[in-house]
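Trainee: So for the sequence shown, this note's numbering puts the first residue at 240; every next one is plus one.
For every residue, glycine included, the Cβ atom is placed at its ideal position computed from N, Cα and C.
Here it is, the structure, as structure tokens.
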Amino acid sequence: MEPKFVAIPAAVIIAVIALGSMSLLPQNDPNIAQRESQAEAEIHKLVNIQRVEHGVEPLIYDRDLGKIAKAHSQDMAKQGYFDHSTPNGIKTEDRGRNAGYDCRESTSDDEMSYAVIKETIFIKESESSLVSESPKEFAQETVEWWMNSPEYNTVILDKSLSVDGIGVALNQNKILVTQNFC
């Protein structure tokens with residue numbers, strides 16, 4: 240009987256160690272949410288530095304756009320895809336419309352012009368995650384990658400855009416970022 244008693248605690252200990260070493264995302268960990276928020280703020284700051292260095296007005300942070308961006312990053316993390324469109328075909332402008340976000344502005348003759356929400360996305364897959372990586376370093380890597388992408392560089396430096404919202408989400412060893420612009 241004694242070996243069974245010893246074997247059961249050993250099995251439990253092994254299981255606990257194995258589960259503890261897995262890269263499961265603790266969704267309710269307040270430290271995770273704080274680090275996501277820090278990365279979002281740092282990305283916003285670094286994008287504005289790039290805009291100013293290129294003679295473009297800085298963006299104003301828009302919480303509603305941030306919620307749309309966050310929801311997309313979380314959806315990509317949950318469903319395991321990386322794209323501007325969801326697996327069921329919902330696009331950036333659809334997400335904005337579905338959230339009731341109005342990306343129109345008045346023209347000089349008091350008519351409303353429609354502007355499409357623009358978007359940049361980024362994914363980092365590595366053994367380290369935002370839990371162990373500095374949000375500032377991650378933000379720097381994200382913005383550098385975007386600035387080296389001709390498509391995203393054009394979006395970031397678009398003079399017609401005045402507001403942005405950013406959402407960072409984690410899934411195992413992936414960090415996903417969405418930045419929406421209007």
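For the ligand NAD, I want to know if residue 343 counts as a neighbour, meaning its beta carbon is within less than 7 Å of at least one of the ligand's heavy atoms.
Mentor: This structure does not include the ligand NAD; it has no bound ligands of any sort.
Trainee: So the alpha helix (DSSP H) residue 333 belongs to, where does it begin and stop?
Mentor: In the sequence shown, residue 333 corresponds to position 94, counting from 1. Taken as a continuous stretch (DSSP letters only), the alpha helix (DSSP H) holding residue 333 covers 331 to 337.
Trainee: Quick one: residues in its chain with C-beta nearer than 7 Å to the C-beta of residue 330, no 5 flanking neighbours on either side, listed in chain order?
Mentor: What you label residue 330 is simply residue 91 of the sequence shown in a count that begins at 1. These residues qualify, in order along the chain: 323 and 324.
Trainee: Count the other C-beta atoms from every protein chain shown that fall within 10 angstroms of the C-beta of residue 334, then say buried if there are 16 or more, exposed otherwise.
Mentor: Here the question's residue 334 lines up with position 95 in the sequence shown. Per the 10 Å Cβ criterion, buried.
Trainee: Who does residue 420 pair with in a DSSP beta bridge?
Mentor: Working through the sequence shown from its first residue, we reach residue 420 at position 181. For residue 420, which the question treats as bridged, DSSP gives the partners 357 and 403.
Trainee: Starting from the C-beta of residue 278, find all residues in its chain whose C-beta is less than 7 Å away, skip the five residues before and the five after it, and write them out in chain order.
Mentor: Here residue 278 refers to the residue found at position 39 of the sequence shown. Excluding residues within five positions, the ones whose Cβ falls inside 7 Å are 369, 374, 377, 378 and 407.
Trainee: For a test of the three-state rule: what should DSSP assign to residue 285, helix, strand or coil?
Mentor: For the purposes of this step, residue 285 is taken as the residue at position 46 of the sequence shown. Residue state, collapsed to three classes: helix.
Trainee: Distance check for residue 409 and residue 421, CA to CA, integer angstroms please.
Mentor: Taking the first residue of the sequence shown as position 1, residue 421 is located at position 182. Taking the first residue of the sequence shown as position 1, residue 409 is located at position 170. Taking the straight line from one Cα to the other gives about 25 Å.
Trainee: What do you get for residue 338, buried or exposed, if any count of 16 or more other CB atoms within 10 angstroms of its CB means buried?
Mentor: Locating residue 338 in the sequence shown gives position 99, counting from the first residue. Under this definition residue 338 is an exposed residue.
Trainee: Less than 8 Å between the C-beta atoms of residue 402 and residue 285, yes or no?
Mentor: To locate residue 402, count along the sequence shown from 1; it is residue 163. To locate residue 285, count along the sequence shown from 1; it is residue 46. In this structure, residue 285 does not lie closer than 8 Å to residue 402 by Cβ.
Trainee: Would you please state the rounded distance, in angstroms, between the beta carbons of residue 414 and residue 282? I believe it to be under 8 Å.
Mentor: What you label residue 414 is simply residue 175 of the sequence shown in a count that begins at 1. What you label residue 282 is simply residue 43 of the sequence shown in a count that begins at 1. So it is not a contact: roughly 11 Å between Cβ atoms.
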